[in-house]
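Novice: Let me begin by handing over the structure; questions about it come next.
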Amino acid sequence: MGRLENKVVFITGAARGQGRSHAIRFAEEGADVIAVDIAAQMPEVGYPMATPDDLAETVKAVEALDRRIIARQADVRDLAQLRAVVDEGMAELGRLDFVLANAGVMPTYGETARRPEAWNATLDVLLTGVMHTVEATRPKLVEQGEGGAIVITSSMAALQPLARTLDGGTLGMLGYSAAKAGVLNLMRNYASILAEFRIRVNGIAPTGVHTPMTQNAMIEEYFTNGDPRDLVSLTNAIPVDMVEPVDISNAALWLCSEEARYVTGTTVPVDAGATLR
Ligand SMILES: NC(=O)c1ccc[n+]([C@@H]2O[C@H](COP(=O)([O-])OP(=O)(O)OC[C@H]3O[C@@H](n4cnc5c(N)ncnc54)[C@H](O)[C@@H]3O)[C@@H](O)[C@H]2O)c1
């Protein structure tokens, strides 16, 4: 408790899943939160996305910990929207220390995943959206002059091919994997650029995580009817089907904490050994 007292964290995709877990975990350690989420459905995504009620739940959970939170609906594909929320949040909360580029979509299976729109949506949200998140925040961290930490959520999809069959290789899956690999390159360049300001930039590569992104009809259908050769790529070495959101939050927390003060430009797999299989 209290490792992040008087700090402020900006989190994208904070309405539910890992983003909400990050907000709660950082608040438990004393941080105030600036939260954004699209909290609306994108037509290219074949499973339900977050709602304004979900975002309101995150607000309630952080306030229950006696921490302040500014939460707004904003789309990471729109840099101006992100800048406006960062300005508003910093005016209210006074500073910015950490940035968690977490928002994501995974339109990888089913009919919608085969369309070119699925490729565009994954690159727009997962690659351009991460660039926007860093561009909206890094001038603030540099100007503040007190260092900081940025954590970008990648995926094991960046480290090994998840698609092994014609059927599994949808445009959505290829786009998801390419974007998650792309952000690791982005992460290393930002880490290089920002090191002189003591702003650290790192990535996390989770295996499957129990969140609404993986608990929905699109995924169930794939796990029931998908080609077993594709499913093998989702096997963890440690005997657990998926990890929990808090496992990713704890990695993000460590990467932002003083304990990781000289860790930058690297990727932490939280993958239950999936890349060993
Ligand atoms: N769940 C997994 O198995 C898994 C594994 C590896 C990596 N990831 C990554 O972890 C991150 C968090 O995912 P999650 O598991 O919590 O899923 P989730 O679907 O529960 O949460 C993602 C959140 O991002 C928001 N979002 C989507 N597009 C947005 C946009 N354009 N602008 C703003 N917000 C947007 C959604 O509304 C949602 O609230 C994502 O980047 C995802 O790709 C997830």
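With the sequence shown counted from 1, adding 28 to any position gets you our numbering.
Every residue, glycine too, gets a C-beta built ideally from N, C-alpha and C.
Quick one: using the 10 Å Cβ neighbour count with 16 as the cut-off for buried, is Lys168 buried or exposed?
Specialist: Here the question's residue 168 lines up with position 140 in the sequence shown. The residue in question, Lys168, is buried, as its Cβ has 16 or more Cβ neighbours within 10 Å.
Novice: Would you check if the segment 35-52 and the segment 122-130 touch, i.e. whether three or more CB-CB distances between them fall below 8 Å?
Specialist: Taking 8 Å as the limit for Cβ pairs, the verdict is that the segment 35-52 does touch the segment 122-130.
Novice: For Gln69, which three-state DSSP category applies?
Specialist: Mapped onto the sequence shown, residue 69 falls at position 41. Gln69: coil per DSSP, three-state reduction.
Novice: May I ask which residues mark the beginning and end of the beta strand (DSSP E) holding Gln109?
Specialist: If you number the sequence shown from 1, residue 109 lands on position 81. Counting along the chain, Gln109 falls outside any beta strand (DSSP E), though it belongs to the alpha helix (DSSP H) covering 107-121.
Novice: Less than 7 Å separating the Cβ of Asp275 from some heavy atom of ligand 1?
Specialist: Numbered from 1 along the sequence shown, position 247 holds the residue referred to as residue 275. It does not: the Cβ of Asp275 is nowhere closer than 7 Å to a heavy atom of ligand 1.
Novice: Between Ala78 and ligand 1, is there a pair consisting of the residue's CB and a ligand heavy atom that are separated by less than 7 Å?
Specialist: Residue numbering aside, residue 78 sits at position 50 when the sequence shown is read from its first letter. Yes - ligand 1 has a heavy atom lying nearer than 7 Å to the Cβ of Ala78.
Novice: The beta strand (DSSP E) with Thr40 in it runs from where to where?
Specialist: One-based indexing of the sequence shown puts residue 40 at position 12. Start and end: 36-40.
Novice: By Cβ distance, which residues of its chain are closer than 8 Å to Met184, with the 5 residues on each side in sequence left out?
Specialist: Looking up residue 184 in the sequence shown gives position 156. Only Leu190, Ala233, Pro234, Thr235, Pro297, Asp299, Ala302, Thr303 meet the Cβ criterion.
Novice: Going along the chain, which unbroken runs of the beta strand (DSSP E) with 3 or more residues stay wholly within the segment 212-295?
Specialist: Here the runs fully enclosed are 227-234.
Novice: For a test of the three-state rule: what should DSSP assign to Ala141, helix, strand or coil?
Specialist: Taking the first residue of the sequence shown as position 1, residue 141 is located at position 113. Residue state, collapsed to three classes: helix.
Novice: Determine the DSSP secondary structure at Thr86, reduced to helix, strand or coil.
Specialist: Locating residue 86 in the sequence shown gives position 58, where the first residue counts as 1. The answer is helix: DSSP assigns Thr86 an H, G or I state.
Novice: For Thr79, which residues from the same chain have a beta carbon less than 7 Å from its beta carbon, with the 5 sequence-adjacent residues on both sides left out?
Specialist: To locate residue 79, count along the sequence shown from 1; it is residue 51. Here the set comprises Ala67.
Novice: Arg305 and Ala265 - do their beta-carbons sit closer together than 8 Å?
Specialist: Position 237 of the sequence shown, counting from 1, holds the residue named residue 265. Position 277 of the sequence shown, counting from 1, holds the residue named residue 305. Contact flag set, yes.
Novice: For the structure I just gave you, are there three or more beta carbon pairs, one from the segment 161-176 and one from the segment 73-91, closer than 8 Å?
Specialist: No, the segment 161-176 does not touch the segment 73-91.
Novice: Does DSSP put Glu55 in a helix, in a strand, or in coil?
Specialist: Against the sequence shown, residue 55 aligns to sequence position 27. The displayed chain sequence assigns Ala, not Glu, to residue 55. The answer is helix: DSSP assigns Ala55 an H, G or I state.
Novice: Below 8 Å between beta carbons: does that hold for Gly316 and Val104?
Specialist: Residue 316 is absent from the structure shown; the chain starts at 29 and stops at 305.
Novice: Is Pro135 close to ligand 1? I mean its beta-carbon at under 7 Å from any heavy atom of the ligand.
Specialist: Here residue 135 is taken as the residue at index 107 of the sequence shown, counted from 1. No; taking the cut-off as 7 Å, the Cβ of Pro135 has no heavy atom of ligand 1 nearer than that.
Novice: Is the beta carbon of Val153 within less than 7 Å of some heavy atom of ligand 1?
Specialist: For the purposes of this step, residue 153 is identified with residue 125 of the sequence shown, where counting begins at 1. Val153: yes, Cβ under 7 Å from ligand 1.
Novice: Identify whether Val64 lies in helix, strand or coil by the three-state DSSP scheme.
Specialist: Working through the sequence shown from its first residue, we reach residue 64 at position 36. DSSP places Val64 in strand when its eight states are reduced to three.
Novice: Distance, Cα to Cα, Gly30 vs Tyr204?
Specialist: Residue 30 sits at position 2 when you count from the first residue of the sequence shown. Residue 204 sits at position 176 when you count from the first residue of the sequence shown. About 36 Å.
Novice: Any beta carbon of chain C sitting closer than 8 Å to that of Ala207?
Specialist: This model lacks chain C altogether; it includes just one protein chain.
Novice: Which ranges does the alpha helix (DSSP H) cover as unbroken runs of at least 4 residues, wholly within the segment 131-205, from first to last along the chain?
Specialist: DSSP runs (the alpha helix (DSSP H)) wholly in the segment 131-205: 144-150, 157-172.
Novice: Among Gly175, Glu85, Thr294, Arg192, which has the Cα closest to the Cα of Arg257?
Specialist: Mapped onto the sequence shown, residue 257 falls at position 229. Of Gly175, Glu85, Thr294, Arg192, the residue nearest in Cα terms is Arg192.
Novice: Is it true that the segment 194-211 meets the segment 141-150, where meeting means three or more beta-carbon pairs spaced less than 8 Å apart?
Specialist: As far as the Cβ criterion goes, the segment 194-211 touches the segment 141-150, which means the pair count is three or higher.
Novice: How far does the beta strand (DSSP E) with Arg100 in it extend, from its first residue to its last?
Specialist: Within the sequence shown, residue 100 is the residue found at index 72, counting from 1. It spans 97-101 - the beta strand (DSSP E) in which Arg100 sits, taken as one unbroken run.
Novice: DSSP three-state call for Pro76: helix, strand or coil?
Specialist: Locating residue 76 in the sequence shown gives position 48, counting from the first residue. Here Pro76 sits in coil by DSSP.
Novice: Return yes when the C-beta of Ala43 is under 7 Å from any heavy atom of ligand 1, and no when it is not.
Specialist: In the sequence shown, residue 43 corresponds to position 15, counting from 1. Yes.
Novice: Indicate whether Pro240 and Gly47 have their beta-carbon atoms separated by less than 8 Å.
Specialist: Residue numbering aside, residue 240 sits at position 212 when the sequence shown is read from its first letter. Residue numbering aside, residue 47 sits at position 19 when the sequence shown is read from its first letter. No, Cβ-Cβ distance for Pro240 and Gly47 is not below 8 Å.
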